[in-house]
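In this note's numbering, the protein residues as written are 1 to 397. To start, the structure itself, in structure tokens.
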Ligand code: F3S
């Protein structure tokens with residue numbers, strides 16, 4: 001692998017141990033994937049932030065890197081296991097809170113912005129078309145590659161941290177034009193509206209790609225999509241199909257840059273959407289928890305929730321998961337007062353999947369197909385998908 005003089009110095013330890021170790025991680029990765037050289041990244045997003053995922057071994061690695069490591073590019077974190085300000089209200093135990101704070105403190109020591117969000121592109125860690133990144137969260141990686149047209153592989157926690165401390169990543173995978181072509185054509189013969197429905201569509205496409213062993217869908221038949229619908233779609237298609245890049249005709253920026261796959265491989269109908277939706281609703285589930293914000297809620301979504309909750313009271317545990325900067329905008333706009341006045345809770349910088357709430361509730365209602373997957377798989381909840389309006393109706397019932 002070709003290294004510049006500067007990169008060789010980083011590897012030789014002239015800039016400290018954490019940088020040396022980081023370059024060792026990145027050059028090893030580059031050799032495994034036959035990268036010819038390194039590229040400079042403009043932003044990093046690190047996953048594996050919850051103490052639930054890190055454990056003591058992960059924390060030890062972070063502390064070692066924090067001894068002399070300092071970030072060289074803008075770096076934010078994926079959701080942590082708790083809201084650092086509001087953890088007691090959310091029922092998180094003290095021991096977990098202590099350990100989670102130890103992890104965040106190690107990240108902060110390296111200069112990492114300790115806002116923890118899976119939607120970094122909504123809070124200022126926002127690349128533009130064609131820029132290189134080292135992001136780790138699967139839904140954000142899919143959004144960056146597909147919706148923004150930036151370029152990132154799906155990094156692991158250590159490789160993302162290594163990029164943060166060096167500003168480099170090996171050039172392979174989605175950094176290269178040759179790996180960004182659409183492979184399987186999906187034509188959507190139905191109207192798809194709302195975050196829940198885009199999540200359902202993501203599950204259909206993800207499942208089908210799993211069957212044919214391909215990863216890059218080219219999608220036609222969607223006339224328009226909002227940021228919120230696309231972020232939900234990204235989370236779902238990444239969860240169910242491991243997709244890190246898709247093209248959507250007339251919507252995503254690279255849809256006409258590469259040849260369109262020439263056969264319609266799959267036609268998706270309203271019946272397919274209905275059938276898959278029903279797979280995301282467990283029969284006879286007792287819902288005692290409602291959560292919106294997977295991926296993290298945008299200010300648009302919070303504004304809609306405030307409008308729907310005005311003058312009402314929730315009767316079930318209801319979390320809105322979002323990034324703290326978005327919550328601050330909601331505070332200033334008066335949305336938080338309405339939402340909290342109705343008895344709903346903000347869970348800032350965390351989410352119902354990474355928080356330690358396994359088994360605490362019987363059934364969860366969400367507008368996210370990804371949250372259904374992890375609600376079942378990780379937290380052992382029954383699940384029910386619905387629109388944001390239906391989630392609110394369930395919460396106040
Ligand atoms: Fe984000 Fe947690 Fe969903 S990390 S995408 S809110 S599972």
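The C-beta atom is built at its ideal place from N, Cα and C for all residues, glycine as well.
Going by Cα to Cα distance, which pick from 390, 19, 356, 352 is closest to residue 372? The count along the chain shown starts at 1 and reaches residue 372 at position 372. Residue 352 is the option with its Cα nearest to residue 372.
When we look at the beta-carbon of residue 217 and count the other beta-carbons within 10 Å, is it buried (16 or more) or exposed? Working through the chain shown from its first residue, we reach residue 217 at position 217. By the 10 Å Cβ count, residue 217 comes out buried.
Rounded to a whole number of angstroms, what is the C-alpha to C-alpha distance between residue 253 and residue 177? By one-based count along the chain shown, residue 253 stands at place 253. By one-based count along the chain shown, residue 177 stands at place 177. The alpha-carbon atoms of residue 253 and residue 177 are separated by roughly 14 Å.
Host alpha helix (DSSP H) of residue 200 (start-end): As a working note, residue 200 is residue 200 in the chain shown. From DSSP, the alpha helix (DSSP H) with residue 200 extends over 195-212.
Counting along the chain, where does the alpha helix (DSSP H) carrying residue 158 start and finish? Walking along the chain shown from the start, residue 158 turns up at place 158. Residue 158 -> alpha helix (DSSP H) spans 157-166.
Simplified DSSP state of residue 363, which is helix, strand or coil: Locating residue 363 in the chain shown gives position 363, where the first residue counts as 1. Strand, per DSSP.
Less than 7 Å between the CB of residue 48 and some heavy atom of the ligand F3S, yes or no? Here residue 48 is taken as the residue at index 48 of the chain shown, counted from 1. Residue 48: no, Cβ never under 7 Å from the ligand F3S.
In angstroms, rounded to a whole number, what distance separates the CA positions of residue 134 and residue 152? Here residue 134 refers to the residue found at position 134 when the chain shown is read from its first residue. Here residue 152 refers to the residue found at position 152 when the chain shown is read from its first residue. One C-alpha to the other measures close to 6 Å.
Give the straight-line distance between the Cα atoms of residue 35 and residue 161, rounded to the nearest whole angstrom. As a working note, residue 35 is residue 35 in the chain shown. As a working note, residue 161 is residue 161 in the chain shown. The alpha-carbon atoms of residue 35 and residue 161 are separated by roughly 19 Å.
Just to confirm the assignment: which complete beta strand (DSSP E) runs, minimum length 3, are found wholly within the segment 318-372? 345-348, 363-366
Helix, strand or coil for residue 82 per DSSP? Translated into the one-based positions of the chain shown, residue 82 becomes position 82. In the structure shown, residue 82 sits in coil (DSSP, three-state: anything other than H, G, I, E or B).
Determine, using beta carbons only, whether residue 123 and residue 115 come nearer to each other than 8 Å. For the purposes of this step, residue 123 is taken as residue 123 along the chain shown, with counting starting at 1. For the purposes of this step, residue 115 is taken as residue 115 along the chain shown, with counting starting at 1. Closer than 8 Å, so yes.
Looking only at its chain, what residues have a beta carbon closer than 7 Å to the beta carbon of residue 29, apart from the 5 residues adjacent to it on each side? In the chain shown, residue 29 corresponds to position 29, counting from 1. Contacts found: 159, 170.
Helix, strand or coil for residue 110 per DSSP? Along the chain shown, read from residue 1 onward, the residue named residue 110 stands at position 110. Residue state, collapsed to three classes: coil.
With a cut-off of 5 Å, give the chain-ordered residues whose Cβ is closer than this to any heavy atom of the ligand F3S. 79, 118, 139, 235, 294, 295, 351, 353
State the DSSP-derived secondary structure class of residue 134, mapped to helix, strand or coil. Reading the chain shown from its first residue, position 134 is the one you call residue 134. In this structure, residue 134 counts as strand in the three-state DSSP scheme.
Could you say which of 164, 190, 31 lies nearest to residue 136 if we only look at CA atoms? Here residue 136 corresponds to residue number 136 of the chain shown, with the count starting at 1. For residue 136, the nearest C-alpha among the options comes from 164.
Reduced DSSP secondary structure (H/G/I, E/B, other) of residue 36: Taking the first residue of the chain shown as position 1, residue 36 is located at position 36. Coil at residue 36, not helix or strand.
Beta strand (DSSP E) segment containing residue 220, residue limits: Along the chain shown, one-based indexing puts residue 220 at 220. Here the beta strand (DSSP E) through residue 220 covers 217-220.
Same chain, Cβ closer than 8 Å to residue 394, neighbours up to 5 away in sequence not counted: Translated into the one-based positions of the chain shown, residue 394 becomes position 394. So the list reads 287, 290, 316, 365, 384, 386, once near-sequence residues are dropped.
Between the Cα of residue 219 and the Cα atoms of 196, 167, 147, 174, which residue gives the shortest distance? Here residue 219 corresponds to residue number 219 of the chain shown, with the count starting at 1. Of the listed residues, the one whose Cα sits closest to residue 219 is 147.
Using the three-state DSSP reduction, which class does residue 58 fall into: helix, strand or coil? On the chain shown, position 58 is the one that residue 58 refers to. Residue 58 falls in the helix class under three-state DSSP.
Cβ atoms of residue 335 and residue 303: under 8 Å apart, would you say? Residue 303 sits at position 303 when you count from the first residue of the chain shown. Residue 335 sits at position 335 when you count from the first residue of the chain shown. Cβ distance < 8 Å, so residue 303 and residue 335 count as in contact.
Name the two residues that bound the continuous beta strand (DSSP E) containing residue 185. As a first step, residue 185 must be located in the chain shown, where it is residue number 185. Run containing residue 185: 184-188, per the beta strand (DSSP E) assignment.
According to DSSP, is residue 45 helix, strand or coil? By one-based count along the chain shown, residue 45 stands at place 45. Reduced to three states, the DSSP call for residue 45 is strand.
In whole angstroms, what is the alpha-carbon distance linking residue 243 and residue 212? Your numbering for residue 243 matches position 243 in the chain shown. Your numbering for residue 212 matches position 212 in the chain shown. Going by the C-alpha atoms only, they are around 13 Å apart.
So for residue 248, helix, strand or coil by DSSP? Within the chain shown, numbered from 1, the residue matching residue 248 stands at position 248. Note: residue 248 maps to strand in three-state DSSP.
Let me know if residue 223 comes out buried or exposed under the rule of 16 or more other beta-carbons within 10 Å of its beta-carbon. Taking the chain shown and counting its residues from 1, the one referred to as residue 223 is at position 223. Exposed, by the Cβ-count rule.
With respect to the beta strand (DSSP E) encompassing residue 74, which residues constitute its N-terminal and C-terminal limits? Within the chain shown, the letter at position 74 stands for residue 74. Note, residue 74: beta strand (DSSP E), 74-77.
So, does the segment 229-249 touch the segment 193-201, judging by three or more C-beta pairs under 8 Å? yes
I think residue 266 touches residue 208, with their Cβ atoms under 8 Å apart; what is that distance to the nearest whole Å? The sequence position of residue 266 within the chain shown is 266, counting from 1. The sequence position of residue 208 within the chain shown is 208, counting from 1. Indeed they touch by this definition, with Cβ atoms about 5 Å apart.
Closer than 8 Å is the cut-off here; do at least three beta carbon pairs connect the segment 344-360 with the segment 78-88? yes
For residue 127, which three-state DSSP category applies? Indexing the chain shown from 1 puts residue 127 at position 127. Three-state DSSP puts residue 127 in coil, outside helix and strand.
Can the beta-carbon of residue 172 be found closer than 8 Å to that of residue 145? What you label residue 172 is simply residue 172 of the chain shown in a count that begins at 1. What you label residue 145 is simply residue 145 of the chain shown in a count that begins at 1. No, the Cβ-Cβ distance between residue 172 and residue 145 is not below 8 Å.
Check whether the Cβ atoms of residue 419 and residue 188 sit closer than 8 Å, and answer yes or no. Absent from the structure is residue 419, since the part of the chain shown begins at 1 and ends at 397.
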